[in-house]
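Keeping their order, the protein sequence lines are chains A and B. Quick note: the first sequence, position 152, residue 534 per the working numbering, numbers continuous. Quick note: the second sequence, position 228, residue 610 per the working numbering, numbers continuous. Every residue, glycine too, gets a C-beta built ideally from N, C-alpha and C. Small disclaimer: the values here were computed from a predicted structure and weren't measured.
There are 2 protein chains.
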Amino acid sequence: MSQPPELNCPLPLGQYERIVMAHGGGGQLMQQLLDRLVQPTFDNPYLADRHDSAVFESGGLRYAFTTDSYVVKPLFFPGGDIGKLAVCGTLNDLAMAGARPMFLSAALIIEEGLPIESLQRVLESMAAAARAAGVAIVTGDTKVVERGRGDGLYINTAGIGLIQPTTPAIHPAAVVPGDVILINGDIGRHGIAIMAQREGLALETTLESDCADLSGLVAHLLDVGIDIHCLRDLTRGGLASALIEITEAARVSIQLDAPAIPVNDAVNGVCEILGFDPLYVANEGVMAIFMPESQASQALEVLRHHPLGENAALIGQVTGPASPGHVHLRTAFGTERSLIRLSGEQLPRIC
Amino acid sequence: MSQPPELNCPLPLGQYERIVMAHGGGGQLMQQLLDRLVQPTFDNPYLADRHDSAVFESGGLRYAFTTDSYVVKPLFFPGGDIGKLAVCGTLNDLAMAGARPMFLSAALIIEEGLPIESLQRVLESMAAAARAAGVAIVTGDTKVVERGRGDGLYINTAGIGLIQPTTPAIHPAAVVPGDVILINGDIGRHGIAIMAQREGLALETTLESDCADLSGLVAHLLDVGIDIHCLRDLTRGGLASALIEITEAARVSIQLDAPAIPVNDAVNGVCEILGFDPLYVANEGVMAIFMPESQASQALEVLRHHPLGENAALIGQVTGPASPGHVHLRTAFGTERSLIRLSGEQLPRIC
């Protein structure tokens, strides 16, 4: 859980001769890997977009296409398992582009020796999550690797979604100064639930991952006419990293109001004991919504009437292009600090 | 490379308490895993189709959607690497549905410690293969797992392709008695090249994998008006397993002419020494084409003028529904034998 010291002062990727865990951590090192290696090599406007999904047009319709591999450890955790995560995560990436999910794929990399019963539980969990979203898993693949060349099970899901003609382009570039930032729920439950399970922490309350499919909630917001500018689910790197990424892509600044950001007491407790900052802890069912201030109270009303939005809150505002790349946090004491990208993440293999 | 004895007489999946390597081998055990666990759980007509891609309609157009994870070992081999394989393999799965590839995704699971230089070579190889096919890698994901929880690099690619309105439904169910079976090239080079590399065999000739993108060749056949009924690329389990699968899906029999099946001398040599049957060895750039006999000579002509079809041959015919599930091989000596599904594959982690 502690990072090697050199990661606190990241070197250019070129001086790393080998991949380290932080290259997959959703922080600065991963960003460098993407910026300096992946994007220049694959070089195309879709990737350069830095969106959760690629959006393309075909036959006069707009589609979203996305993929994620899941390597979460352990496979089963309070509130979910790798199967539910793999389905919800990809549904969410489609939803973040304003798309209604149509189809999913599922590709398994199984480590020799995995109990068939575990595989069955995970597949059932995937099927249940897909069914609940009204989406079919229509194509797949199965590979088996030798003992010691995997870790039970890795799952990749890819997804295709359709963007309704009336849906605006939901996208970091659509964020403008004055936009308010809402989140649909309290932050940090996924990361802390995983950590508690992994470390065998006996918590007084059972803390469950927030792992959930946000696509229905997004569709609902769009259906009632909320003019969403941008959506971002707060996965690896948490709220802070997601917002920093948006400020960089949209070339704006953000002012956050710390006391407004909902954090569960149990999450706060564990974070205080272990020295984690909930702003950087991963979520799997929480998103940031960028939208016009004029619709804020309507959107909050809609969110709070949805099971996945009970703890919805307005947490900040886009303040202008003056100091792009900056997220400023106003604390309860009236002081202010800038949020920076961590080099990696506090907890590897969270998703 | 030898199979545990019990796999020659497979038990129902229920009696396997844990996953074994053969569950990913493209043979009988993998089929059982899919038939008894994956398909009933995900239960939908697309999956039940048993096609290389799922085909769906949207906005009046037909699309193909497919995914594969790649765990080939070693990462680099004569004629290709895991990156080229991951791009070509998914392009081929789209092509097997008659689709022209539009977009690919790429998701990496990197083992901590992978040299950055290896990653770079693989990414460049993916980009080159995609570029050659005129397709962009538009979305992706990067995960890192600890040392000993992976094997250098696993790659998942998913793909979307568009099926032209004039293209018939290319599909096992379209296979009819009387159809001839063509292949575009000699078989077994991918599997034997991998094995030679893995085992450090010093061959007199350098044997290269046949790893190639077949989508251009398929488009060409369609463009000149060949009425293709079904296509299948001969990957895990080789020619024999692919044809057995088609006979089961289409409820037909197949008569194969052994002397007509092209096999490279070096492949034959290695197979003879090691007791492999080239009919079961994996290919990554060879496909079987089911089509009307009346167009056979035209199709052979077209194939042989294409760089990926120089060794094209007519190797057999669909003989009727009398004994479904059977592939009969007529040998050079005039004798006949039935091909059966192996329990796993001769060589794990071939793709």
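- Between S597/B and F459/B, the CB-CB gap reaches or exceeds 8 Å.
- The stretch 620-628 of chain A and the stretch 659-669 of chain A touch, with three or more beta-carbon pairs separated by less than 8 Å.
- Around the beta carbon of R731/A, 16 or more other beta carbons sit within 10 angstroms, so the residue counts as buried.
- The straight-line gap separating the alpha-carbon atoms of M478/A and L613/A is approximately 5 Å.
- Contacts with chain A (Cβ-Cβ distance below 7 Å) from the stretch 448-480 of chain B involve T448, T449, D450, S451, V453, listed in chain order.
- M508/B and S679/A have their C-alpha atoms some 47 Å from each other.
- As a beta-bridge residue in DSSP terms, V526/A pairs with I492/A.
- In the structure shown, the three-state DSSP call for D568/A is coil.
- The beta carbon of T548/A does not come within 8 Å of any beta carbon belonging to chain B, so the residue lies off that interface.
- Residue burial is scored here from C-beta neighbours: D533/B has at least 16 other C-beta atoms within 10 angstroms and is therefore classed as buried.
- According to the DSSP assignment, D605/B belongs to no beta strand (DSSP E) but to the alpha helix (DSSP H) extending over 597-605.
- For A540/A, the neighbours in chain B by C-beta distance under 7 Å run, in chain order, T449, S487, A540.
- With a threshold of 8 Å between beta carbons, Q502/B makes contact with chain A.
- In the DSSP annotation of this structure, the continuous segment of the alpha helix (DSSP H) that includes C653/B starts and ends at 647-656.
- Annotation: the stretch 458-511 of chain A contains the following complete segments of the beta strand (DSSP E) (minimum length 3 residues), in chain order: 482-493.
- In this model, G465/A and R482/A are separated by some 20 Å (Cα to Cα).
- Around D533/B, the beta-carbon contacts reaching into chain A at under 7 Å are V527, R531.
- The CB of S435/B comes closer than 8 Å to the CB of T521 in chain A, given here in chain order.
- Of all residues in the stretch 691-716 of chain A, none is placed with a Cβ closer than 8 Å to any Cβ belonging to chain B.
- Excluding residues up to 5 positions away in sequence, I563, L625, I628, T629, G698, Q699, V700, T701, H708, V709, H710 lie with their Cβ nearer than 8 Å to the Cβ of I636/B in the same chain.
- In the structure shown, D417/B falls within a helical segment according to DSSP collapsed to helix, strand and coil.
- A Cβ-Cβ separation of about 6 Å places A640/A in contact with A714/A under the 8 Å criterion.
- For F447/A, DSSP records a beta bridge to A436/A, I542/A.
- DSSP places S623/B inside the alpha helix (DSSP H), whose first and last residues are 620-632.
- Residues of the stretch 394-415 of chain B with a Cβ closer than 9 Å to any Cβ of chain A, in chain order: L395, G396, Y398, E399, R400, I401, V402, M403, A404, H405, G406, G407, M412, L415.
- Excluding the 5 residues flanking it on each side, I722/B has no same chain C-beta neighbour closer than 6 Å.
- In the structure shown, T423/A adopts helical secondary structure according to DSSP, grouped into three states.
- Of all residues in the stretch 655-673 of chain A, none comes within less than 9 Å of chain B when Cβ atoms are compared.
- Three or more Cβ pairs drawn from the stretch 523-533 of chain B and the stretch 530-544 of chain A lie within less than 8 Å of each other, which places the two stretches in contact.
- Under the Cβ criterion (8 Å, minimum of three pairs), the stretch 488-506 of chain B does not count as touching the stretch 430-447 of chain B.
- Along the stretch 687-716 of chain A, the beta strand (DSSP E) occurs as fully enclosed runs of 3 or more residues at 695-702, 708-712, listed in sequence order.
- V684/A and A601/A have their C-alpha atoms spaced approximately 11 Å apart.
- Under the Cβ criterion (8 Å, minimum of three pairs), the stretch 537-557 of chain B counts as touching the stretch 481-495 of chain B.
- For Q637/A, the enclosing beta strand (DSSP E) stretches over residues 635-639.
- Closest in alpha carbon position to K455/A, among C470/A, H572/A, A446/A, is H572/A.
- Within chain A, H405, G406, M412, L415, L416, V420 have C-beta atoms less than 8 Å from the C-beta of T524/B, given in sequence order.
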